[in-house]
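Engineer:
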């Protein structure tokens, strides 16, 4: 049996000999397209889409889990630049200086990067802060919770229900870091040396309360006091939220980490475009809800809408993680942007793609007076080039913008 399945994002399908239970499990996992090979008995046709990363799929009746690794077409260092910039365009990753060491696969590179950022955050010791604590005590500390004392003690003087502010390292920031480290230690494919360093970081966070799986994540706010934690905390949220995969369904056990390149590209383009348009006197909204029809029955959510000083829509953009085919970009994207422009009362709309033969093309819609621009970014180029291309899109959207 094939214990490891190696695929490439959006590459042609591959045919592998797999037991039926394994093939069905991969088809049910939702991370790739899997179907019986119509031309060969006992083989399955597997094709990766836009999700990249690694997951271990535990199959009922099969002792060893099947590990699926999907490699991105975008270089790892560039992928982490897109991620870092979308998390914080003013942060340390602005020029793409992301430490991924010698790692060529996504999960080892992610685990390495998170561990390095946690190490930097904790280098000066654990951040401490005040936390509200409520407990039953034999001495009065802080304030007595009178209502609780009456409800739970029925007039007894001891113990006393109190609440007080405790200065401690057991705060939301440290809990998030501990949760991210614990999560990475459970993932398949983390290299031994990185796992060893993660265990060291968990030891430094040993006094912090463990976040119970399934419970809401602790909330934190960026401040001057926790500034050395910012990069690590933003990465921790990535590890713990959408990209993290850990569930059991119908006997199928799935554990791993997957990036959706569609979302990553969309996040980068919208955040970078918003940053490029700062100081233009206009405001932008991401995934802003609008309606196509007057009855407000058909909803639409453009990725990026720019509003003028009067509050009216001034420009619209949609990001598409697609590359140009021989026949050009999909015509359905043009129809979608035409609907956006019509509903928003705009004369121009913008589509931004991951790659194309030309960096810019425009189509004027007959009898409508609407012009639709198609922009193509080359993700293989250096970060400076990517940001320059985004600035060019911003210039097209706001001609009087100084970039």
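In my numbering, the protein residues as written are 1478 to 1880.
Backbone N, C-alpha and C fix where the C-beta goes; we use that ideal spot for every residue, glycine too.
(1) Which class does residue 1567 belong to by DSSP, given the choice of helix, strand or coil?
(2) In this structure, does DSSP put residue 1572 in helix, strand or coil?
(3) Quick test of the definition: if touching needs 3 or more C-beta pairs under 8 Å, does the region 1532–1548 touch the region 1689–1696?
(4) Who are residue 1848's beta bridge partners in DSSP?
(5) Which residue wins for smallest C-alpha separation from residue 1648, given the options 1710, 1501 and 1750?
(6) Distance, Cα to Cα, residue 1897 vs residue 1760?
(7) For residue 1796, which residues in the same chain have their Cβ closer than 7 Å to its Cβ, ignoring the five residues on either side in sequence?
(8) In chain order, what residues of the same chain have a beta carbon less than 7 Å from the beta carbon of residue 1733, not counting five sequence neighbours either side?
(9) Would you list the residues sitting across from residue 1768 in a DSSP beta bridge?
(10) Between which two residues does the alpha helix (DSSP H) harbouring residue 1590 extend?
(11) Expressed to the nearest angstrom, what Euclidean distance is found between the alpha-carbon atoms of residue 1862 and residue 1854?
(12) Just to confirm my understanding: we take residue 1506, look at its own chain, exclude 5 residues before and 5 after, and list those with CB closer than 8 Å. What are they?
(13) Taking 9 Å as the cut-off, decide whether the C-beta atoms of residue 1852 and residue 1866 are in contact.
(14) Taking Cβ to Cβ, would you say residue 1495 is nearer than 9 Å to residue 1526?
(15) Mind the definition here: the region 1553–1566 touches the region 1758–1775 only if three or more C-beta pairs lie below 8 Å; say whether that holds.
(16) What are the start and end residues of the alpha helix (DSSP H) that includes residue 1493?
(17) In or out: residue 1676 buried (at least 16 other Cβ within 10 Å) or exposed?
Structural biologist: Taking the structure as given:
(1) Taking the first residue of the chain shown as 1, we reach residue 1567 at position 90. Coil.
(2) Start at 1 with the first residue of the chain shown, and residue 1572 comes out as number 95. Reliability of the predicted coordinates at residue 1572 is poor, the pLDDT of 44 falling under 50, and the value obtained from them is presented with this limitation in mind. Three-state result, residue 1572: coil.
(3) no
(4) Looking up residue 1848 in the chain shown gives position 371. 1825 and 1841.
(5) Mapped onto the chain shown, residue 1648 falls at position 171. The shortest C-alpha separation from residue 1648 is found at 1710.
(6) Any property of residue 1897 remains undetermined from this structure, which presents the chain solely from 1478 to 1880.
(7) Start at 1 with the first residue of the chain shown, and residue 1796 comes out as number 319. Cβ within range, chain order: 1742, 1743, 1746, 1747, 1780 and 1829.
(8) Residue 1733 sits at position 256 when you count from the first residue of the chain shown. 1530, 1531, 1532, 1533, 1664, 1665 and 1722, listed in sequence order.
(9) Here residue 1768 refers to the residue found at position 291 of the chain shown. 1776.
(10) Looking up residue 1590 in the chain shown gives position 113. Per DSSP, residue 1590 belongs to the alpha helix (DSSP H) from 1583–1599.
(11) By 1-based counting over the chain shown, the position of residue 1862 is 385. By 1-based counting over the chain shown, the position of residue 1854 is 377. If you take the alpha carbons of residue 1862 and residue 1854, they lie about 9 Å apart.
(12) On the chain shown, residue 1506 is found 29 positions in, with the first residue counted as 1. Cβ neighbours of residue 1506 beyond the five flanking positions: 1532, 1534, 1545, 1729 and 1731.
(13) If you number the chain shown from 1, residue 1852 lands on position 375. If you number the chain shown from 1, residue 1866 lands on position 389. Yes; because the gap between Cβ atoms is below 9 Å, this pair is in contact.
(14) As a working mapping, residue 1495 is identified with position 18 in the chain shown. As a working mapping, residue 1526 is identified with position 49 in the chain shown. No.
(15) no
(16) The residue you call residue 1493 lines up with position 16 of the chain shown. Unbroken run through residue 1493 is the beta strand (DSSP E), 1491–1494; no alpha helix (DSSP H).
(17) Taking the first residue of the chain shown as 1, we reach residue 1676 at position 199. So residue 1676 ends up on the exposed side.
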